[in-house]
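Asks:
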Amino acid sequence: MAIALAEFGTVEAAAALATLVTDLDVAVARAAADGLAEVKDAGAAPVILPLAFDDNAFVRAAGFRGLKGLRSQAALGPALAAMKDESAEVRAEALGVIAYLKREETLPSLIAATRDAEAAVRAVAVNALSFSNQAAAAFAVTSALHDESWQVRAAAAESLGRIGHASAIDGLAVGLSDDYWEVRQKCLNALGRLKARTVVSEIAALLSSDLASLRKEAAAALGEIADPSSHAALMVHVSDADPDVRKTVRWALTRFV
35 MAIALAEFGT VEAAAALATL VTDLDVAVAR AAADGLAEVK DAGAAPVILP LAFDDNAFVR
95 AAGFRGLKGL RSQAALGPAL AAMKDESAEV RAEALGVIAY LKREETLPSL IAATRDAEAA
155 VRAVAVNALS FSNQAAAAFA VTSALHDESW QVRAAAAESL GRIGHASAID GLAVGLSDDY
215 WEVRQKCLNA LGRLKARTVV SEIAALLSSD LASLRKEAAA ALGEIADPSS HAALMVHVSD
275 ADPDVRKTVR WALTRFV
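Numbering (our numbering), first residue to last: 35 to 291.
Below, the structure written as structure tokens:
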């Protein structure tokens, strides 16, 4: 029933789902929460907003999850207040609401959330900051490259590629030696987007990685940067054993023409 209601996406359907999300049957409640997240009618915000104040953390989280895509300005205040919620799930979903609104005045709250006790919340926070081109946002996300959680570090690297501040280059370069390949891959991508000419040699070194995915990302980054000093390194790998790497290397070489 909850799934069927979500397909209508109307305010009336949202009202029914908002009732079902409090159902004692866990399966029904979860289905209703998923349904709320699919509602796209901005007029449903007043119907969903009361859920953000429910005594049950699951319901509060479902409420913020449903509000996120609606981009309701009325949800901003409750979402900011929820950054102090005892539930990490609620804090993470509230961050989603804040992120979707993309308001510069929310930067202090988003930056504070990058220091949350829960890694899942920190990861959402560093991702949320990617909408801003402010130096404070870049600094906070760059600091997250040293987070104890590799998921947060990976999210930080990806976010820095979108923020576009050259101040992040040194931190991303250090990330090329991260213990987790996922982080190294995100750092490569970000450095390519930032056209980081100062670390071309460090990027080129990963063309010799045992992992094809890293070799491909390194080649892609070098292609984006298109610094002549990387031409020789790319030529060495033009016959890489992996077809995707070969294709990317050849594309990168066309960037020098």
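Glycine included, each C-beta is placed from N, C-alpha and C at the ideal position.
1. With residue 209 and residue 179 assumed to form a contact (beta carbons below 8 Å), what rounded beta-carbon distance in angstroms separates them?
2. Count the CB pairs spanning the stretch 160–167 and the stretch 111–128 that are closer than 8 Å, and state whether there are at least three.
3. Do you know how far the Cα of residue 48 is from the Cα of residue 111?
4. Taking buried to mean at least 16 other C-beta atoms within 10 Å of its own C-beta, is residue 219 buried or exposed?
5. Roughly how many angstroms separate the alpha carbons of residue 197 and residue 83, rounded to a whole number?
6. Report yes if the C-beta distance between residue 119 and residue 94 is below 8 Å; otherwise report no.
7. Count the other CB atoms within 10 Å of the CB of residue 102; is the residue buried (16 or more) or exposed (fewer)?
8. Where does residue 213 sit, in a helix, a strand or coil, going by DSSP?
9. Measure the CB-CB distance between residue 149 and residue 183 and report whether it falls below 8 Å.
10. DSSP three-state label for residue 106, please.
11. Within 10 Å of its beta-carbon, does residue 181 have 16 or more other beta-carbons around it, so buried, or fewer, so exposed?
12. Using beta-carbon positions only, say whether residue 290 and residue 271 come within less than 8 Å of one another.
13. On the three-state DSSP scale, how would you describe residue 230?
14. What residues in its chain sit with their C-beta under 7 Å from that of residue 251, if we drop five residues either side in the sequence?
15. What's the gap between the Cα of residue 240 and the Cα of residue 161?
16. Using the Cα positions of residue 236 and residue 217, report the straight-line distance between them to the nearest angstrom.
17. Whole alpha helix (DSSP H) runs in the stretch 56–84 with 4 or more residues, listed along the chain?
18. What is the DSSP secondary structure of residue 129, counted as helix, strand or coil?
19. With a 10 Å radius around its C-beta and 16 neighbouring C-beta atoms as the bar for buried, classify residue 258 as buried or exposed.
20. What first and last residue would you give for the alpha helix (DSSP H) that runs through residue 262?
21. Helix, strand or coil for residue 290 per DSSP?
22. Is residue 176 near residue 201, with beta carbons less than 8 Å apart?
23. For a quick check, are the C-beta atoms of residue 85 and residue 66 less than 8 Å apart?
24. Determine the burial state of residue 274: buried for a count of at least 16 other Cβ atoms within 10 Å of its Cβ, exposed for fewer.
Replies: So, to answer that:
1. So it is a contact: roughly 5 Å between Cβ atoms.
2. At 8 Å Cβ cutoff, the stretches do not touch.
3. 21 Å
4. Buried.
5. Looking at the two C-alpha atoms, the distance is approximately 30 Å.
6. yes
7. Its Cβ being crowded by 16 or more others within 10 Å, residue 102 is buried.
8. coil
9. With respect to residue 183, residue 149 sits apart: the two C-beta atoms are not nearer than 8 Å.
10. Residue 106: coil per DSSP, three-state reduction.
11. buried
12. Taking C-beta atoms as the reference points, residue 290 and residue 271 fail to come closer than 8 Å.
13. coil
14. 219, 222 and 223
15. 25 Å
16. Residue 236 and residue 217 have their C-alpha atoms spaced approximately 15 Å apart.
17. 60–72 and 79–82
18. Note: residue 129 maps to helix in three-state DSSP.
19. buried
20. Unbroken run through residue 262: none, as it is neither H nor E.
21. Residue 290 falls in the coil class under three-state DSSP.
22. yes
23. no
24. buried
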